[in-house]
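Accompanying notes for the structure given below.
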Ligand SMILES: C[S@@+](CC[C@H](N)C(=O)[O-])C[C@H]1O[C@@H](n2cnc3c(N)ncnc32)[C@H](O)[C@@H]1O
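Following this line, the structure appears as structure tokens:
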């Protein structure tokens, strides 16, 4: 399916237990602070009537927030089959199931099947995929209006953390790895594709950006 990674390794790491843990945190506290800030920034620019394509949608929590903030329709992509199953329950519980088209698979490899979207959303996904240029270029090609991306900052403590996580993954004998792709290179590719930054924020670990086309 993918030209660069083993989908079953994603299913092993982003499994049903992980998805259910994320959904139960979402039910208790809402979205995590990075995703919540991105949704707010998009809502300020107007989500009414928009189609939102989310890549690496996990268990669908951001889909719920984006639709409840005014988006009309969602298209979600995730490599892990567990994400689809758990998201389907969450979306049904919120009465949103019919408004989201879910794809289990590699967004980069299967992009040809996806309709372009007004808004493209990637929260903590670039660091889970080896082919950063392929992922970012495919996302920019899909985004007709807005693109929102959160990724790890390039700081020594973040890289040390990623190194430690990869050590644990090696011990688990899974081929999945976390990547510290350079945010400046991501930014450069997005700007070259014709976008300008309209909103940004950061925490000690994460930085997020919203870009608008034109
Ligand atoms: C760290 S999780 C984040 C999930 C969700 N965005 C969230 O914040 O809760 C990264 C997710 O991206 C998915 N993913 C990574 N690369 C992908 C790709 N090329 N196509 C589809 N899904 C991808 C993984 O399967 C995983 O569920």
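Residue numbers (the numbering used here): 7 to 220. C-beta atoms are modelled at their ideal positions from N, C-alpha and C, and glycine is treated no differently.
Residue i lies in the alpha helix (DSSP H); which residues open and close that run?
| i | result |
| --- | --- |
| residue 14 | 13 to 19 |
| residue 196 | 189 to 198 |
| residue 50 | 39 to 51 |
| residue 29 | 22 to 35 |
Do you know offhand how far residue i's Cα is from residue j's?
| i | j | result |
| --- | --- | --- |
| residue 18 | residue 217 | 33 Å |
| residue 30 | residue 20 | 15 Å |
| residue 171 | residue 184 | 7 Å |
| residue 48 | residue 186 | 25 Å |
| residue 58 | residue 107 | 10 Å |
| residue 115 | residue 101 | 30 Å |
| residue 37 | residue 68 | 7 Å |
| residue 44 | residue 32 | 16 Å |
| residue 214 | residue 130 | 9 Å |
| residue 8 | residue 61 | Because residue 8 sits at a pLDDT of 45, beneath the cut-off of 50, its placement in the model cannot be relied upon, and the following sentence gives the value as read from the coordinates. About 14 Å. |
| residue 96 | residue 70 | 8 Å |
| residue 128 | residue 163 | 23 Å |
| residue 160 | residue 211 | 9 Å |
| residue 51 | residue 41 | 16 Å |
| residue 201 | residue 109 | 26 Å |
| residue 27 | residue 65 | 10 Å |
| residue 91 | residue 16 | 15 Å |
| residue 53 | residue 166 | 37 Å |
| residue 197 | residue 219 | 9 Å |
| residue 34 | residue 139 | 36 Å |
| residue 199 | residue 141 | 13 Å |
| residue 98 | residue 56 | 20 Å |
| residue 24 | residue 207 | 26 Å |
Closer than 8 Å to a non-hydrogen atom of ligand 1 - does that hold for the CB of residue i?
| i | result |
| --- | --- |
| residue 91 | no |
| residue 97 | no |
| residue 41 | yes |
| residue 85 | yes |
| residue 200 | no |
| residue 130 | yes |
| residue 141 | yes |
So residue i and residue j are supposed to be a Cβ contact under 8 Å. How far apart are they, rounded?
| i | j | result |
| --- | --- | --- |
| residue 195 | residue 146 | 7 Å |
| residue 13 | residue 84 | Their Cβ separation, rounded to whole angstroms, is 10 Å, which puts residue 13 and residue 84 out of contact at 8 Å. |
| residue 148 | residue 123 | 6 Å |
| residue 189 | residue 157 | 6 Å |
| residue 77 | residue 63 | That pair is no contact at about 13 Å. |
| residue 155 | residue 204 | Incorrect: roughly 13 Å between the Cβ atoms, too far for contact. |
| residue 3 | residue 125 | Coverage of the chain is limited to positions 7 through 220, which leaves residue 3 absent and any answer about it impossible. |
| residue 39 | residue 209 | 7 Å |
| residue 105 | residue 73 | 6 Å |
In terms of residues, what are the limits of the beta strand (DSSP E) holding residue i?
| i | result |
| --- | --- |
| residue 208 | 201 to 208 |
| residue 219 | 212 to 219 |
| residue 106 | 106 to 110 |
Can you confirm whether residue i, when its beta carbon is compared against all beta carbons of chain C, has any partner nearer than 9 Å?
| i | result |
| --- | --- |
| residue 189 | The structure shown contains no chain C; it holds only a single protein chain. |
Contiguous alpha helix (DSSP H) assignments of at least 4 residues, all confined to the stretch 53 to 94: Restricting attention to alpha helix (DSSP H) runs no shorter than 4 residues, the stretch 53 to 94 encloses them at 67 to 74, ordered along the chain.
What ranges does the beta strand (DSSP E) occupy inside the stretch 112 to 166, keeping only unbroken runs of at least 3 residues that lie completely in it? Listed in chain order, they are 123 to 129 and 149 to 158.
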